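Its first residue numbered 1, the sequence shown is counted upward by one per residue in UniProt numbering. We put the CB at the ideal spot given by N, CA and C, even for glycine. Predicted model only: the values in this text are computed from it and were never measured.
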Amino acid sequence: MSQTPSPLAPDPSSLSPAPVTGGGWTRAAARRRRRQQQQTTSSGGGATTSKTSTSGEVCSRPVPVHPCTLVPTFRRSVEPLSGPLLVVPLPGTVWTATAHIVTAVIGSGVLALAWSVAQLGWVAGPLALAGFACVTYYTSTLLAGAYRAPHPVTGHRNRTYMDAVRSYLSPREVFMCGVAQYVNLWGTMVGYTITATISMAAIRQADCLRRDGAGAGARCDAPGTVLMLAFSVVQVVLSQFPGLEHITWLSVVAAAMSFAYSFAGLGLSVGHWVSRGGGGLGGRVAGAAAASSTRKLWNVLLALGNIAFAYTFAEVLIEIQDTLKSPPPENRTMKKAAMYGIGATTIFYISVGCAGYAAFGSNAPGNILAAGGLGPLWLVDIANMCLILHLIGAYQVYAQPVFASVERWAASRWPEAKFMSSAYTVSVSIPLLQRGSVTVAPHKLVLRTAIVGATTAVALAIPFFNAVLGLLGAFSFWPLTVYFPISMHIAQGKIARGTKWWCLLQALSMVCLVISVAVGVGSVTDIVDSLKASSSPFKIVG
1 MSQTPSPLAP
11 DPSSLSPAPV
21 TGGGWTRAAA
31 RRRRRQQQQT
41 TSSGGGATTS
51 KTSTSGEVCS
61 RPVPVHPCTL
71 VPTFRRSVEP
81 LSGPLLVVPL
91 PGTVWTATAH
101 IVTAVIGSGV
111 LALAWSVAQL
121 GWVAGPLALA
131 GFACVTYYTS
141 TLLAGAYRAP
151 HPVTGHRNRT
161 YMDAVRSYLS
171 PREVFMCGVA
181 QYVNLWGTMV
191 GYTITATISM
201 AAIRQADCLR
211 RDGAGAGARC
221 DAPGTVLMLA
231 FSVVQVVLSQ
241 FPGLEHITWL
251 SVVAAAMSFA
261 YSFAGLGLSV
271 GHWVSRGGGG
281 LGGRVAGAAA
291 ASSTRKLWNV
301 LLALGNIAFA
311 YTFAEVLIEI
321 QDTLKSPPPE
331 NRTMKKAAMY
341 GIGATTIFYI
351 SVGCAGYAAF
361 GSNAPGNILA
371 AGGLGPLWLV
381 DIANMCLILH
391 LIGAYQVYAQ
401 PVFASVERWA
411 ASRWPEAKFM
421 SSAYTVSVSI
431 PLLQRGSVTV
441 APHKLVLRTA
451 IVGATTAVAL
461 AIPFFNAVLG
471 LLGAFSFWPL
481 TVYFPISMHI
491 AQGKIARGTK
501 WWCLLQALSM
511 VCLVISVAVG
521 VGSVTDIVDS
531 LKASSSPFKI
541 VG
């Protein structure tokens with residue numbers, strides 16, 4: 001799930017002030033620290049209480065709104081009641097960073113792992129999961145070194161992924177990085193719309209089966225168009241909040257829900273395997289059979305794309321690293337956190353994928369929570385509801401940066417238009433919100449509604465779960481996870497062209513590029529074939 005402030009988040013200067021309520025720091029803590037500084041100053045020593053890192057730089061950074069990495073970390077300084085601006089150091093450790101990584105990585109991509117392992121087989125499936133984990137971990141260590149520039153320990157800090165790219169690479173590559181990030185953001189919004197609709201349809205179908213019995217058959221098929229439009233209406237309402245810091249509670253709920261449905265999918269798969277006797281494993285060593293060798297190739301490529309999508313988190317690594325205290329150097333701590341976080345995630349992914357394949361064999365569904373006969377219907381409904389709640393919050397994480405970018409463009413295009421500057425305040429009484437009112441700007445209402453509407457239209461046109469996830473994995477894996485970290489490492493280390501180490505790094509990048517291109521071709525081909533075979537405006541495929 002991606003989540004960076006620039007270009008992945010609105011310009012912090014455009015955000016209206018909000019009280020600091022997260023990250024373990026409060027106003028009371030700020031006042032205590034201010035009193036300590038005043039006492040130190042009044043004693044004549046003139047010293048400060050800020051801690052200094054090994055590089056001699058004051059190790060104090062603005063406080064994030066909250067520690068949950070499902071949303072971008074909007075960093076804010078704590079302003080005391082009077083006197084100068086007070087900056088509070090962040091208490092991040094290897095364990096908090098590990099928790100952030102696990103939270104950022106585990107998401108809706110886990111639902112496709114059983115199908116992915118089914119296409120690859122008992123040998124290639126786990127090996128592919130382990131292989132993508134190794135590449136992701138290695139490039140994460142390279143990216144961790146780019147947090148500071150030009151030196152990984154003593155250089156100045158880069159607060160976002162884009163800042164790191166800007167520090168090391170050319171303007172052309174900065175532009176390419178921005179394009180890759182924004183396309184990934186918007187594409188993920190499309191994928192989340194499809195995934196949420198599938199879960200809503202599964203809940204509706206389960207309710208129908210409980211009411212009418214298993215013989216209801218086709219009468220319980222749930223039309224997806226109305227459900228998708230309902231999800232989009234919710235997103236239009238949430239999109240009117242000025243920024244993510246005003247709906248902090250939503251991201252906290254989303255983080256809890258992601259773990260709930262992920263472990264529910266694992267438990268339900270194991271339960272289904274046990275209910276079948278548990279005497280043997282379903283499936284084949286070579287994976288599920290297909291109608292033709294060409295179809296088998298496309299399915300294998302889609303499976304690789306789904307796995308790549310499941311491991312995507314490079315865009316938030318810099319933000320997570322920016323929460324770490326120093327000393328020890330942040331890159332050293334981050335490398336340990338990446339090893340622990342990706343290692344734990346890989347074990348969980350292999351467990352989910354293999355459990356689903358063992359339970360369903362070659363018939364493993366594209367979305368494990370949409371499988372027929374998976375377990376008690378009420379438990380499947382709870383898991384799908386958790387997934388929907390997670391996607392409601394995660395959608396806004398990806399949408400708000402897109403909204404901000406479009407609004408900045410519109411403001412620069414029509415700077416004198418009254419429509420762009422007018423705003424109205426509407427009082428709200430929802431207790432979970434941090435404020436008692438919401439500012440509604442007409443231009444934001446129009447632009448954000450249009451963006452959500454366009455996203456919904458694309459999702460209605462290509463409602464193919466595994467193909468869309470594969471396409472997203474193909475597009476984000478090579479540029480954001482592999483190419484830019486390797487390029488920044490080469491620039492930082494001044495690795496000469498043609499040397500052995502330069503050749504090895506470029507070979508890794510080229511192999512990953514070939515895989516991403518092949519997965520992209522396979523995903524587009526599957527979408528085209530599915531559109532040709534589809535006979536309804538919205539038919540869930542996967």
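Which value, in whole angstroms, describes the spacing of the CA atoms of residue i and residue j?
i           : j           : result
residue 313 : residue 370 : 25 Å
residue 454 : residue 366 : 25 Å
residue 500 : residue 332 : 25 Å
residue 524 : residue 418 : 43 Å
residue 567 : residue 315 : Given that the chain is displayed from residue 1 to residue 542, the structure contains no residue 567 and the question cannot be resolved.
residue 510 : residue 378 : 47 Å
residue 359 : residue 486 : 39 Å
residue 529 : residue 224 : 20 Å
residue 237 : residue 186 : 18 Å
residue 476 : residue 211 : 43 Å
residue 288 : residue 260 : 29 Å
residue 504 : residue 497 : 11 Å
residue 392 : residue 495 : 44 Å
residue 153 : residue 147 : 9 Å
residue 445 : residue 230 : 17 Å
residue 330 : residue 158 : 12 Å
residue 406 : residue 447 : 8 Å
residue 73  : residue 111 : Reliability of the predicted coordinates at residue 73 is poor, the pLDDT of 38 falling under 50, and the value obtained from them is presented with this limitation in mind. So the alpha carbons of these two residues sit roughly 27 Å apart.
residue 415 : residue 442 : 15 Å
Can you tell me whether residue i is helix, strand or coil according to DSSP?
i           : result
residue 241 : coil
residue 79  : Note on residue 79: pLDDT 32, under 50, position unreliable in the model; the coordinate value appears next. Of the three classes helix, strand and coil, the one that applies to residue 79 here is coil, per DSSP.
residue 359 : helix
residue 313 : coil
residue 285 : coil
residue 114 : helix
residue 149 : strand
residue 92  : strand
residue 169 : coil
residue 292 : coil
residue 140 : helix
residue 487 : helix
residue 324 : strand
residue 414 : coil
residue 495 : coil
residue 401 : helix
residue 376 : coil
residue 366 : coil
residue 133 : helix
residue 329 : coil
residue 408 : helix
When you compare the CB positions of residue i and residue j, do they come within less than 7 Å of one another, or not?
i           : j           : result
residue 384 : residue 116 : no
residue 464 : residue 527 : yes
residue 368 : residue 199 : no
residue 302 : residue 470 : yes
residue 165 : residue 403 : no
residue 97  : residue 320 : yes
residue 342 : residue 136 : yes
residue 372 : residue 258 : no
residue 489 : residue 142 : yes
residue 350 : residue 129 : yes
residue 109 : residue 309 : yes
residue 239 : residue 456 : no
residue 514 : residue 336 : no
residue 266 : residue 352 : yes
residue 206 : residue 381 : yes
residue 114 : residue 364 : yes
residue 425 : residue 439 : yes
residue 139 : residue 397 : no
Less than 6 Å between C-beta atoms, sequence neighbours within five positions excluded: which residues of the same chain meet that for residue i?
i           : result
residue 17  : Reliability fails at residue 17, whose pLDDT of 36 lies under 50, so the model's placement of it is uncertain and the value that follows must be treated cautiously. Excluding residues within five positions, none has a Cβ falling inside 6 Å.
residue 122 : 285
Does the Cβ of residue i lie closer than 6 Å to at least one heavy atom of the ligand FAD?
i           : result
residue 414 : For the ligand FAD, the structure offers nothing, since it holds no ligand at all.
Excluding the 5 residues preceding and the 5 following residue i in the sequence, name in chain order all residues of the same chain whose CB lies nearer than 7 Å to its CB.
i           : result
residue 194 : 459, 463, 465 and 468
residue 518 : 301
residue 296 : 290
residue 395 : 189, 192 and 235
residue 354 : 117 and 126
In this structure, what does DSSP give as the bridge partners for residue i?
i           : result
residue 103 : DSSP lists no partner for residue 103.
residue 543 : Residue 543 falls outside the range modelled here, since the chain spans only 1 to 542, and no answer is possible.
residue 156 : 149
Between residue i and the rest of its own chain, which residues show a CB-CB distance below 8 Å, the 5 nearest in sequence each way excluded?
i           : result
residue 532 : none
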